[in-house]
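In the numbering used here, the protein residues as written are 20 to 526.
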Amino acid sequence: MFWALTVLSALVLLALVHGVYRILARFESVRKVVISYHILAVLVLVLVFALSVMDWAVEKGWIEGVPALLRNETFLKILIGMIVFFAVLVVLRLVDLVLVDYLLGKRLGVHISVIARHIAIVILLAVAIVMVLGAFEVPITPLLATSAIGTAIIGLALQDVLGNVIAGVALQAERPFAVGDWVEIGEIMGRVVEMNWRATKLATLDDDYVILPNSTVARNRIRNFAAPRLNEARHLYVGVEYGQPPGKVKSVLMEAVQGADGVLSRPTPKVWVVEYGDFAIKYEIKFWLDRFADHQIIQDNVMTRIWYLFRRNDITIPFPIRNVFHYRLRQGFVADVLQPGSDEVTAILQSVQRLQPLSREELSALSYRLTVALYTADEVLVREDEPGASFLIIASGKVSVRVDGAEVATLTDRDHFGEMSLLTGEPRNATVVALAETRVLIIDRDCFESIIKANPAVADALSKELERIHAENLAKLQAKGVADPGAKPQTAGTLLKLVRRFFGLKA
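Here you go:
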């Protein structure tokens, strides 16, 4: 009767575990249970076979013909003990996966370390072993004495492994980092993927795995980029020629940093003069980000913006200089492809319909006064609702025109925008963003004021052109659903009054 109940209990337990296993088999993490489950299944089958043979032999009166091993009570006890051990192991691992890994970890966001989970499983297994031994009336004291000797032998043979285990426990107690944190251990930087008894696994920026023994982790300096908060400060250094005032340079650097994608507005970026070097004034830039995995991309964005803003403001990053040959460096990095006053600039101005009211002499004079500026991709040339007093002509490149965040047009070579702001001082009615490296001619109020005051008739002609432009732009915006359908375009008379007022002309 005892054996029948044992077999029945084992089969019921096996069926229950198998059912749960089949339900959870679609989860990848359940693979951890597969080996223990298969061992348990084999042991149960062996026990069922042994007891079935014995029952059949007793029924036939052939008990003496059954192999001695199957008739040995100690063998059967060991077999049952192993079944109980692996059954408890499978159940504990399933509980670990369902309760700790899924419910607590994925649903509630409460993460328990792998080492702590393993320690709990080992303790519960030890309790199960003691209970099985007690049920079979096996004396535990001799086993403890024997295990002490075995522990000493194993400890000497596995000093390094035990060192890693102890270091792992210490790291779990101190918790210098958690899974998901970006850390630097010694000279290795990566994101913590896993911590177990033996080692810590990092995923590097090069998409490689680095496995560090816990003893190595404990001996090295650990830098956690996610603690005490996710914000991470970055430092950049740039040298600028001595001829530029530090106030101007710091203002340009702040503009470059604050407009870069990924840079936090709080804490506010900082810029300092840190050194007067042999050939340049050295500046330090400090900014914060909260996406450490993208820190190289964000840093590249900042440095790229610095180059373009320096270019537009005639700020030079000098080459190392030695006092052997003396020569003057031109303002800027290299000769511009497009220079103010050049024939090419004049030709571009002559091709712009908005400037047709100007004479050739006025266009030639204007070509010397304008500014040539270079923008990189994703830079904002003008921003919606911000004040402006300049007219921009695209010499080369491509830009996106956006109203309320929606793209309403793309402009390329010889296209232009900003005439309303130039002639009336109205705020920008759209945001313009470079889609590729873009070179523009910038005509501002100061460039245009002398021409319009010398020839007031130009204001009348431009007002009529503005009326047509305003009507065309309003119709396009209304068609795209980003302007009031009932809005009416301004008349030439109204626009002329605005132009005269803006430039201080008499009526």
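A virtual CB, placed ideally from N, CA and C, is assigned to each residue, including glycine. Predicted, not measured: the structure shown is a model, and the values here were computed from it.
Below 8 Å, too few C-beta pairs join the stretch 359-366 and the stretch 421-432 to call them touching: fewer than three.
Distances from the alpha-carbon of Q263 to those of I300, V257 and G209 put I300 closest. V518 sits away from T450, with the two beta carbons spaced by 9 Å or more. Taken through DSSP and simplified to helix, strand or coil, G266 comes out as helix.
D120 sits buried, since 16 or more C-beta atoms from the chains shown fall within 10 Å of its C-beta. For A473, the uninterrupted alpha helix (DSSP H) segment begins and ends at R464 to A473. Boundaries of the alpha helix (DSSP H) harbouring T323: H314 to R331, taken from the DSSP string. With the rule of 3 Cβ pairs closer than 8 Å, the stretch 398-417 does not count as touching the stretch 484-491. Here DSSP, grouped into helix, strand and coil, assigns K417 to coil. Of the candidates L493, V290 and D280, the residue whose Cα lies closest to the Cα of M273 is V290. Proximity of the stretch 212-228 to the stretch 282-298 falls short of the contact definition, fewer than three beta-carbon pairs being nearer than 8 Å.
Per DSSP, N239 is not a residue of any alpha helix (DSSP H), being assigned neither H nor E.
In the structure shown, R126 falls within a helical segment according to DSSP collapsed to helix, strand and coil.
The secondary-structure analysis by DSSP pairs M208 across a beta bridge with E203. Residue state for G512 is assigned as helix, using DSSP reduced to three classes. In its chain, beyond the 5 residues on either side, P195, F196, D200 and V202 have a beta carbon closer than 7 Å to the beta carbon of N243.
Segment contact: the stretch 381-391 against the stretch 466-474, three or more CB-CB distances shorter than 8 Å; contact assigned. Taking the Cα positions, I142 is about 40 Å away from E251.
Under the three-state reduction of DSSP output, V198 falls in the coil class, being neither helix nor strand.
When DSSP assignments are scanned along the stretch 275-304, no uninterrupted stretch of alpha helix (DSSP H) that is 4 or more residues long falls wholly within it. H435 and N239 have their C-alpha atoms roughly 59 Å apart. Here E381 is not near Y327, since their CB atoms are 9 Å or more apart. Leaving aside the five residues that flank E445 on each side, the residues in its chain whose CB is nearer than 6 Å to its CB run, in chain order, M439.
When DSSP states are grouped into helix, strand and coil, Y261 belongs to the coil group. T450 is bridged by DSSP to R421.
Counting only residues of its own chain and dropping the five nearest sequence neighbours on each side, G437 has a CB closer than 7 Å to the CB of V401, G407, S409, F410 and L411. Under the three-state reduction of DSSP output, A106 falls in the helix class. Sorting E294, V321, I461 and Y394 by C-alpha distance to the C-alpha of G360 places I461 at the top. In the structure shown, the three-state DSSP call for A428 is strand. C-alpha of K269 to C-alpha of L441: approximately 28 Å in a straight line. A residue is called buried once 16 or more other Cβ atoms fall within 10 Å of its Cβ, and F521 is buried on that count. Counting only the Cα atoms, D227 lies some 11 Å from I207.
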